[in-house]
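In the working numbering, the protein residues as written are 748 to 911.
For every residue, glycine included, the Cβ atom is placed at its ideal position computed from N, Cα and C.
The structure appears right after this line, and notes come after that.
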Ligand SMILES: [Zn+2]
C-alpha cells in the first residue's frame with residue numbers, strides 16, 4: 748500500500764472556497780493536495796496537516812494535465828484528522844496551511860514559518876474556539892492509539908496467546 752493517496756472532493760471543495768474567500772492572491776499557484784494515511788508526530792504533537800514547497804524534483808514528478816510544469820506547493824493532510832473533523836475545523840486547518848504560503852515581490856513562492864509570525868490572523872479568525880486544534884489533535888491521536896491497541900490485540904489472538 749502506498750502511504751499517500753489523493754484527497755477526495757470534500758478537501759477540494761474547502762480548498763477552493765477558502766482560496767477564494769481568504770487567499771485570492773494564491774489562485775495563480777499550482778497546489779497539490781494529498782492525504783497521508785500514517786500518523787506523523789512532531790515535537791510530541793500529532794501533525795494534522797503540513798505544507799511543503801515543491802522541490803525541482805517534486806515539480807518534475809508531479810507534472811500532470813492540471814500542472815504542466817509541476818506543482819509549486821504540496822499540502823499534506825492527515826487523512827484520519829480530516830475524516831474526524833467537522834466542516835468548521837476543516838476550514839481552519841486549510842486556512843492555516845494556506846497562511847504558510849507567500850509570494851514575494853519577485854513572484855517567488857516561499858513558506859512562512861508560523862513560529863515567527865504566529866499567524867495572528869488565524870488566531871483572530873478562531874477566537875470563538877481557541878482550543879479547536881488541541882481538541883481535534885487529542886481526538887485524532889486517541890483514535891490512532893485505539894487502532895494500535897486493536898491491532899495488537901488481534902495479533903495476540905492470532906498467535907493464540909493467553910494474556911490472563
Ligand atoms: Zn503550520
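Kindly indicate the opening and closing residues of the alpha helix (DSSP H) around residue i.
i	result
residue 834	834 to 846
residue 755	It is not in any alpha helix (DSSP H) - residue 755 carries neither H nor E in the DSSP assignment.
residue 807	803 to 808
residue 770	Per DSSP, residue 770 belongs to no alpha helix (DSSP H) and is neither H nor E.
residue 872	867 to 872
Using a Cβ-Cβ cut-off of 6 Å (strictly less than) and excluding sequence neighbours within five positions of residue i, which residues of its own chain qualify?
i	result
residue 823	781, 783 and 797
Locate the beta strand (DSSP E) running through residue i, then write down its first and last residues.
i	result
residue 857	856 to 858
residue 778	778 to 783
residue 824	820 to 825
residue 892	It is not in any beta strand (DSSP E) - residue 892 instead sits in the alpha helix (DSSP H) that spans 879 to 905.
residue 800	796 to 800
Apart from the five residues on each side of it in sequence, which residues of its chain come closer than 8 Å, Cβ to Cβ, to residue i?
i	result
residue 801	779, 809, 817, 818, 819, 820 and 821
residue 831	883, 886, 887 and 890
residue 931	Residue 931 lies beyond the stretch modelled for the chain, which goes from 748 to 911, so this question has no answer here.
residue 774	766 and 767
residue 788	794
Between which residues of its own chain and residue i is the CB-CB distance below 7 Å, once the five residues before and five after are set aside?
i	result
residue 762	780 and 841
residue 838	761 and 765
residue 866	843 and 846
With a Cβ-Cβ cutoff of 8 Å, do residue i and residue j count as a contact?
i	j	result
residue 814	residue 777	yes
residue 793	residue 888	yes
residue 795	residue 883	yes
residue 891	residue 750	no
From this set, the options, which residue's C-alpha is nearest residue i's C-alpha?
i	options	result
residue 836	874, 748 and 854	874
residue 772	756, 870, 758 and 852	852
residue 769	868, 759, 861 and 789	868
residue 825	899, 812, 807 and 844	844
residue 757	833, 880 and 906	833
- request: Let me have the residue list for ligand 1: C-beta closer than 6 Å to any non-hydrogen atom, ordered along the chain.
  value: So the residues near ligand 1 by this Cβ test are 843, 847 and 861.
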